[in-house]
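Position 2 of the sequence shown, counting from 1, maps to 2 under the UniProt record's numbering, and the rest follow consecutively.
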Amino acid sequence: MKRYDALSLFSGGLDSVLAARTLMDQGLSVLCLHFVSPFFGKPGRLVHWREAFGLDILALDVGQEYVRMLSDGPAHGLGKFLNPCIDCKIFMLDRAVALLPEYGAKFVATGEVVGQRPMSQRLDALHVIRRDSVAREVLLRPLCAKRLPVTPMEQSGLVDRERLHAMSGRSRKEQLELAGRMGLPEVPTPAGGCMLTEMESVRRYFPIFIHHPEPGATDFELANIGRQYWAGPLWLTIGRNQSDNARLEAALAENDLVFKVRDHPGPLALARRLPGAVWDEAAIRDAAAFVASFSPKARLAGKETAVSVGGAAMSPVWAVPARETPLSWREPAWDEAAGDKAALFAARRRNRELGLA
């Protein structure tokens, strides 16, 4: 196995590229770590990034561990939506430090810039992240190092502080100038890309936290597909096109129910049976009628149609297509959930601390 001097957190954005290349320009060998979860990560871009920027990059699937951290109630709270930005960075640093011995690396680097992001890159937040992660003595931020205390890596001479940077603020002027001096063949857009910061995504995720005491990564992967509908704790995902239908088939878990209009073209639907959610005969018939309403020909016929329902062995349920049903299926709305966010996650954290979760 190849050995490295440093492991560098890598989002694919410009700052993460510059941080790694800054160290490499000092003759250090760097392995970039690209974390993947249902909320972030683009493993399909690794080949391009490796070729474009001359980087060694390793993708790490941290979905299950990340969901657990979020579900437990992040210690440093959430941002505007469901983004645990400070706990997220601590989580990634802790994972990176755990890998140092495996690769013979001596420290961990990030592309953070003082003042660039309002929640996790304020100066005080950077200090909290360093303090609360296990990376305290092995953390280097090459792009803003000269605005921070000297690290052991600089004191030892492993890293030349004079060849690090003093970037700050939200302007990208200094980054773009550095990218030009480095001769990067392209300038990546700001990484962003975390779906926990996007209203369209978090409205899909929040009901899972309400109705599932111990959600898993696959639940949020399912929430990223198609149309999402809820009736209390009953959860239904309906494909919008053939691509969604294929993804739903791939996402099918052992206890899930599949709904498919039998005699007319229409979408595939998947019901995930969460703890405490009762999928009795009435609920299944109600969902079948709702799913059938997404088949234009079944709806136009205006009469009972067969909807195949089940897991591996599917049996038909007869139902009249109806968008309005007794269970009142609804798409989740973030505005309705936002007021409950703080209380829900505070309760989850309290339960974890008391050993009740």
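Here a beta-carbon is modelled for each residue, glycine too, at the ideal position from N, C-alpha and C.
Item                                                                                                                               : Value
Rounded C-alpha distance that separates CYS88 from THR305                                                                          : 48 angstroms
Counterpart residues of TRP318 in DSSP-defined beta bridges                                                                        : ALA306
Beta strand (DSSP E) runs wholly inside the region 20-106, at least 3 long, in chain order                                         : 30-36 and 56-61
Sequence-distant residues of its chain with Cβ nearer than 6 angstroms to ALA322 (five each side left out)                         : ALA289 and SER293
Check whether ALA96 and LEU33 have beta carbons under 9 angstroms apart                                                            : yes
C-beta contact flag for GLY226 and ARG247 at 9 angstroms                                                                           : yes
Distance between ARG21 and GLY41 (C-alpha atoms, nearest Å)                                                                        : 20 angstroms
C-beta contact flag for LEU222 and ARG273 at 9 angstroms                                                                           : no
Status (buried if at least 16 other CB within 10 Å, exposed otherwise) for VAL138                                                  : buried
Backbone CA spacing between VAL150 and VAL114 [nearest angstrom]                                                                   : 15 angstroms
8 angstroms contact criterion, which LEU268 and ASN245 should meet: CB distance rounded                                            : 4 angstroms
Same chain only: Cβ atoms within 7 angstroms of GLY216, ignoring 5 sequence neighbours per side                                    : GLN64 and VAL67
CB-CB length for LEU252 against VAL258, believed under 8 angstroms                                                                 : 7 angstroms
Identified DSSP bridge partners for GLN121                                                                                         : Per DSSP, none; premise fails for GLN121.
Residues near GLU154 by beta carbon distance below 8 angstroms, same chain, minus five either side                                 : LEU140, ALA145, ASP160, ARG161 and LEU164
Beta-carbon contacts of ASP5 that lie in its chain and below 8 angstroms, excluding the five residues immediately before and after : LEU23, LEU28, SER29, VAL30, ALA105, LYS106, PHE107 and LEU158
Expected contact under 8 angstroms - CB spacing of LEU14 and ALA179 to nearest Å                                                   : 6 angstroms
Test item: CB-CB of LEU78 and ALA342 under 9 angstroms                                                                             : yes
CA nearest to the CA of ASN255, picked from GLY111, VAL309 and TRP334                                                              : VAL309
Buried versus exposed, by CB contacts within 10 Å (16 or more), ARG203                                                             : buried
Sequence-distant residues of its chain with Cβ nearer than 8 angstroms to ALA333 (five each side left out)                         : ARG203
Status (buried if at least 16 other CB within 10 Å, exposed otherwise) for GLU214                                                  : exposed
Pairwise C-alpha distance: LEU236 and VAL320                                                                                       : 18 angstroms
Burial state of PRO326, where buried means 16 or more other Cβ atoms lie within 10 Å                                               : exposed
Sheet register partners of LYS260 (DSSP bridge)                                                                                    : LEU268 and SER308
Own chain, CB closer than 8 angstroms to ARG348, minus 5 neighbours either side, in chain order                                    : SER71, ASP72, GLY73, PHE209 and ALA357
As assigned by DSSP and simplified to three states, the class of SER133                                                            : coil
CA nearest to the CA of SER189, picked from LEU18, ARG3, MET1 and LEU7                                                             : The sequence as given places Thr at residue 189; Ser does not occur at that position. Taking only the C-alpha atoms, the option nearest THR189 is LEU18.
Distance between ALA277 and SER120 (C-alpha atoms, nearest Å)                                                                      : 37 angstroms
CB of SER328 within 9 angstroms of CB of ALA231, strictly                                                                          : yes
Residue interval of the alpha helix (DSSP H) (run including THR218)                                                                : 217-223
Neighbourhood of MET199 by C-beta distance below 7 angstroms, restricted to the same chain and skipping five residues each side    : PHE81 and TRP334
Under 9 angstroms between C-beta atoms of GLN116 and GLY169                                                                        : yes
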